[in-house]
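Structure record follows, encoded as C-alpha cells.
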Amino acid sequence: MQTTKFIPLSRVLAERTPADWAFIFGNDHDFLRYCTSLQNYIKVRNPKRVIVLVSDRAVFLACTLVAFQLGVQVVLPHFKTPGVLADICSADDLVLDDDIDLSLDQEACFFHPIINATLTLYTSGSTGQPKEIQKSIHQLQAEISVLHNLWGQNLSPKIWATVSHHHIYGLLFSLLWPVCAGYQIESQTVNFWEEIEDRVSVTDYIVSSPAHLSRLGAVESLLCARVFSSGSPLGFEAAETSAKVFGHLPYEILGSTETGGIAYRQQAQPNQYWQVFSGVDASVNVTGNLVLRSPYLPTEDAYESADRINLHAPGQFTLLGRSDKVVKIEGKRVDLLDLEKRLSDLIPIDQALTVVFDEGRSEIGVVAILSDLGRHQLNELGTEKFSRLLRNDLSIHFERVLLPRRWRFVDEFPRDSQGKRPTYLLKSLFEGVVRE
609 MQTTKFIPLS RVLAERTPAD WAFIFGNDHD FLRYCTSLQN YIKVRNPKRV
659 IVLVSDRAVF LACTLVAFQL GVQVVLPHFK TPGVLADICS ADDLVLDDDI
709 DLSLDQEACF FHPIINATLT LYTSGSTGQP KEIQKSIHQL QAEISVLHNL
759 WGQNLSPKIW ATVSHHHIYG LLFSLLWPVC AGYQIESQTV NFWEEIEDRV
809 SVTDYIVSSP AHLSRLGAVE SLLCARVFSS GSPLGFEAAE TSAKVFGHLP
859 YEILGSTETG GIAYRQQAQP NQYWQVFSGV DASVNVTGNL VLRSPYLPTE
909 DAYESADRIN LHAPGQFTLL GRSDKVVKIE GKRVDLLDLE KRLSDLIPID
959 QALTVVFDEG RSEIGVVAIL SDLGRHQLNE LGTEKFSRLL RNDLSIHFER
1009 VLLPRRWRFV DEFPRDSQGK RPTYLLKSLF EGVVRE
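The numbering of the sequence shown is our numbering, which starts it at 609 and goes up by one.
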C-alpha cells in the first residue's frame, strides 16, 4: 500500500523503507541493497564526477542519490551522441550507463540525509556552445514542493512517462517528485501509446510532450487523472484531442533548464494565458522579453529570458516567440547558430544558413554554399546521397530528430534590396524540394 508521507529529496534515501521502495519501483527491485553495492562501486573508482546515462529510472535514481551521498557531482548530458560525450567527459569522470552490472551486497547499509549536492545539466547557449547549468538539491526540492502542493492530491497515481528523465522536465515530473511523494513509477520510458492502452488506471498521471500528444493515432480512450506536457506549447487541436482521449485537458508546463518551471496552463481556448507558478515573479523589459525572479534560479537576481511575451493580469501572459535563434524541434531545443557553425565546419561546406518549417511537424532546412570538394561530392553522389552524408557527419553532435531534413545547395545566398538574407527568401528556395 502506498505511503502518503511526503519526504524531501535530501532525505528519501535515508528515510524511505524497503517496503516504500518496493511499492515505488516494484517488488522485484531491492533498491537499498542496490544502492549499497553502487556506493562501493563508485567509491573504489573515486571519480570527480559521474556521467549518468542510465535509461531505467530506478537505476538512474540510485546512481544520482548515491553520488549525491558521496559528494560526487552528477552530470546529465544534453545528448548522448559520441561527439557530445567526448566534449564534456574527462579522465576523472565515471560514466554509468545501461551496461553497469552489479552483484547485490548481502545487506543494505545506512544512508544519511544529503546536506549539499549538485546536479549539472546542459542546454543550448547563446554562443552556440552547450551551456553548463548547475542545480543544487535545494533548488530541485523547492520546485518539487511547488509541484506537490499544486497536483499532489491524495490519489494514488502510478507515473507513466513518454519523455526522458535526462532533462529537467522529465527528471522532476516522472522521477524526483513521484519519489518524494511516494508514488508508483514505471521505470521504463513509454515509446508508443499502444504499450500502455490496457495498463493505465483512471488515477494515474502521464508525463508527456507535444511530440507524443500530437500523435495519438488510433488511441480513442486512455482515461487517467492528469496529463502533463512540456517541451514546447501544445497546439490547440492537439489539446482538444488529448482531452477526449485522456478525459482532461493536459497541463502544459513552460520552463527551461536554466529557469526551472515558469508557468502552466490548460488550453481551454486558443492561445490561453500562462499562469506563473507560486513564488515566480514575471515582468517584461523594454524589448518585450520575459524577466523572471524565481526560487529555482541560482541567485535572487532577475533573469532575462529570450521569450517575448504580452503581460496581462499579474502572473499571466501570452507567448509571442523567441528573440534568439534557439528553437524546439519535436520538443528538443537546438541552437540554430550552433547548427550553422557545425555545418560550416564540415569540409564540404563553406557557409550554411538554417530555416525552420512549421507545417504540422517542425523541420529544419539548410541552405549551403559548398566548397570545391563539396561540389565534387554533390556531382558524384547526387543530392540525396550527399545530404545523407552530411546528416551522418552531424549525427555525432545532434540527436536524429534535430538533423536537417531539407537541403538546398546554392552558389550564393539570396538577398533583399537592403542586402539582408530574410527568412522568406531562404524558404522560397525550398519550393518543390523533397524532404530527406
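Ideal Cβ positions, reconstructed from N, Cα and C, are used throughout, including at glycine.
Local conformation of residue i per DSSP, three classes
i, result
"Y777", "helix"
"E938", "coil"
"N918", "strand"
"V674", "helix"
"V1079", "Residue numbering for the chain in the displayed model covers 609 to 1044; residue 1079 lies beyond these limits and cannot be assessed."
"Q647", "helix"
"Y813", "strand"
"G868", "strand"
"E794", "coil"
"L715", "Residue identity differs from the one stated: residue 715 is Glu in this sequence, not Leu. The answer is coil: DSSP assigns E715 none of H, G, I, E or B."
"S663", "coil"
"I708", "coil"
"N897", "strand"
"E971", "strand"
First and last residue of the uninterrupted beta strand (DSSP E) at residue i
i, result
"E860", "Y859 to S864"
"K766", "K766 to A769"
Cβ-Cβ distance between residue i and residue j below 7 Å
i, j, result
"K739", "T731", "yes"
"V815", "S850", "no"
"S859", "T926", "A quick correction: the sequence has Tyr, not Ser, at residue 859. No, they are not a contact pair."
"P878", "Y813", "no"
"A976", "F1038", "no"
"G760", "A789", "yes"
"Y791", "I767", "yes"
"T811", "L763", "yes"
For residue j and residue i, the rounded distance between their alpha carbons
i, j, result
"I745", "S891", "27 Å"
"D889", "L784", "24 Å"
"V913", "A716", "Position check: residue 913 holds Ser in this sequence, whereas Val was assumed. In a straight line, the C-alpha of S913 is about 45 Å away from that of A716."
"E967", "Q677", "47 Å"
"P903", "T625", "30 Å"
"A846", "G939", "14 Å"
"L661", "F965", "31 Å"
"P841", "H984", "42 Å"
"S645", "S837", "36 Å"
"I674", "N654", "Reading the sequence as shown, one finds Val at residue 674 and not Ile. Each residue's Cα considered, the two are about 13 Å apart."
"S663", "G634", "16 Å"
"A921", "E805", "40 Å"
"Q981", "D1001", "Just to set this straight, residue 981 is Leu in the shown sequence, not Gln. The straight-line gap from Cα to Cα measures roughly 15 Å."
From the options, residue whose alpha carbon lies closest to that of residue i
i, options, result
"V683", "K743, S753 and D664", "K743"
"A986", "D1019, S1003 and I1004", "Looking at the sequence itself, residue 986 is Leu, so the reference to Ala does not match. Measuring from the Cα of L986, the nearest candidate turns out to be D1019."
"Q883", "V894, L1037 and G863", "G863"
"E828", "V853, H720, I708 and V810", "V853"
"W1015", "R1008, A750, R996 and W801", "R996"
"S822", "G843, Q874 and H686", "G843"
"S817", "V835, R901, E805 and G982", "V835"
"E866", "G887, Y911, L1011 and C671", "Y911"
"P685", "S618, N648 and S772", "S772"
"V969", "R941, I937, A960 and L989", "Residue identity differs from the one stated: residue 969 is Arg in this sequence, not Val. Residue I937 is the option with its Cα nearest to R969."
"V787", "L1010, I615, P906 and L704", "I615"
"L617", "L702, I723 and F718", "I723"
First through last residue of the alpha helix (DSSP H) which encompasses residue i
i, result
"S753", "I745 to W759"
"Q985", "D980 to L989"
"T1031", "T1031 to S1036"
"A694", "P690 to I696"
7 Å Cβ cutoff, residue i in contact with chain D
i, result
"V703", "Going by chain labels, chain D is absent from the structure shown, which holds only one protein chain."
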